[in-house]
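**Q**
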Amino acid sequence: GEDVEQSLFLSVREGDSSVINCTYTDSSSTYLYWYKQEPGAGLQLLTYIFSNMDMKQDQRLTVLLNKKDKHLSLRIADTQTGDSAIYFCAERHNYGQNFVFGPGTRLSVLP
Amino acid sequence: DAGVTQSPTHLIKTRGQQVTLRCSPKSGHDTVSWYQQALGQGPQFIFQYYEEEERQRGNFPDRFSGHQFPNYSSELNVNALLLGDSALYLCASSLPGRGTGELFFGEGSRLTVL
Chain A
127 GEDVEQSLFL
137 SVREGDSSVI
147 NCTYTDSSST
157 YLYWYKQEPG
167 AGLQLLTYIF
177 SNMDMKQDQR
187 LTVLLNKKDK
197 HLSLRIADTQ
207 TGDSAIYFCA
217 ERHNYGQNFV
227 FGPGTRLSVL
237 P
Chain B
1222 DAGVTQSPTH
1232 LIKTRGQQVT
1242 LRCSPKSGHD
1252 TVSWYQQALG
1262 QGPQFIFQYY
1272 EEEERQRGNF
1282 PDRFSGHQFP
1292 NYSSELNVNA
1302 LLLGDSALYL
1312 CASSLPGRGT
1322 GELFFGEGSR
1332 LTVL
């Protein structure tokens, strides 16, 4: 199947690190993405990683990719209350143009 | 630089009616994709338009149709609305085959079917 899976909820304290996990199914995926959605809004691209990379760092964000296990993670360092949102993992297949999104992880940041 | 714009932002219809949603892509983008996001779920791919043609389609019935105009803007039409069509409809634009091909999303059109 084409299901992308994510845990649905994550709660962390302000200042801690958050780690959001995702598993995907298509080994032919060329790019994997992380999007953020705030209440009532569309999706905002946070970062992406090419399938031949293991890690990508972008300021407070670190993406880790384990191709063998088809596992992707997003680490947010020094999590702030403004990071509270739903985070979606998505894969883009090599053979098509559509993105397959996971169900989203709702991140709650407690003061 | 205008991002992706969608209209209307909210609308309410009744079962059996038809709806048209509109989208203008980000400046310089030529490809428009439509996604349906039901409450509490991730976006589901409906279809993609490029050069005024439907390029790829997801698992949606023929009641869902679309169009792309020469200026790259796009419409999504849904006929014979069902209660289950209630969702946030997201338009995304991109540049296919160039770089990472990431999608840039609009704020969405929230459709409620009563």
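Going line by line, the protein sequences match chains A and B.
Using our numbering, the first residue of the first sequence is number 127, and each one after it goes up by one.
Using our numbering, the first residue of the second sequence is number 1222, and each one after it goes up by one.
For glycine and all other residues, C-beta sits at the position ideal for the given N, C-alpha and C.
All figures in this text were calculated on a predicted structure; none of them were measured in a lab.
Find the residues of chain A that neighbour Gly1263/B, judging by a C-beta separation of less than 7 Å, and give them in chain order.
**A** Simply Phe214, Phe227, Gly228, Pro229 and Gly230.
**Q** Please name the residue in Arg232/A, Leu136/A and Tyr157/A whose C-alpha comes closest to that of Phe225/A.
**A** It is Tyr157/A whose Cα lies nearest to the Cα of Phe225/A.
**Q** Once the 5 residues before and after Gly127/A are set aside, which same chain residues still bring their CB inside 8 Å of it?
**A** In this predicted model, Gly127/A has a pLDDT of only 45, less than 50, meaning its place in the structure is not dependable; the value taken from the coordinates is given anyway. Only Thr151 meet the Cβ criterion.
**Q** Pairing CB atoms from the stretch 1305–1313 of chain B with CB atoms from the stretch 1255–1265 of chain B, are three or more of them under 8 Å?
**A** Cβ pair count under 8 Å is three or more, so yes.
**Q** For the beta strand (DSSP E) containing Leu172/A, list its first residue and its last residue.
**A** Leu172/A -> beta strand (DSSP E) spans Leu169 to Phe176.
**Q** For chain C, find out if any of its Cβ atoms is closer than 8 Å to the Cβ of Asn224/A; answer yes or no.
**A** Structure shown: chain C not included; protein chains present are A and B.
**Q** Could you check what DSSP says for Gly127/A in three-state terms: helix, strand or coil?
**A** Confidence at Gly127/A is low in this model, with a pLDDT of 45, below 50, so the placement of that residue is unreliable and no value is reported for it.
**Q** Output, in sequence order along the chain, the residues in the stretch 146–174 of chain A whose CB is closer than 9 Å to any CB in chain B.
**A** From the stretch 146–174 of chain A, only Thr156, Tyr157, Tyr159, Tyr161, Gln163, Gly166, Ala167, Gly168, Leu169, Gln170, Leu171 and Tyr174 have a Cβ closer than 9 Å to chain B.
**Q** Sorted by chain position, which residues of the same chain lie with C-beta nearer than 8 Å to Glu1274/B's C-beta, five sequence neighbours on each side aside?
**A** Same-chain partners within the cutoff: Gln1289.
**Q** In chain order, what residues of the same chain have a beta carbon less than 7 Å from the beta carbon of Pro229/A, not counting five sequence neighbours either side?
**A** Counting only Cβ-Cβ distances below 7 Å, and skipping sequence neighbours, we find Gln132 and Leu134.
**Q** Mapping DSSP to helix, strand and coil, what is Asp209/A?
**A** Residue state, collapsed to three classes: helix.
**Q** Should Gln1257/B be counted as a contact of the ligand ZN given a C-beta to heavy atom distance under 7 Å?
**A** The ligand content of the structure shown is nil, which means the ligand ZN is not present either.
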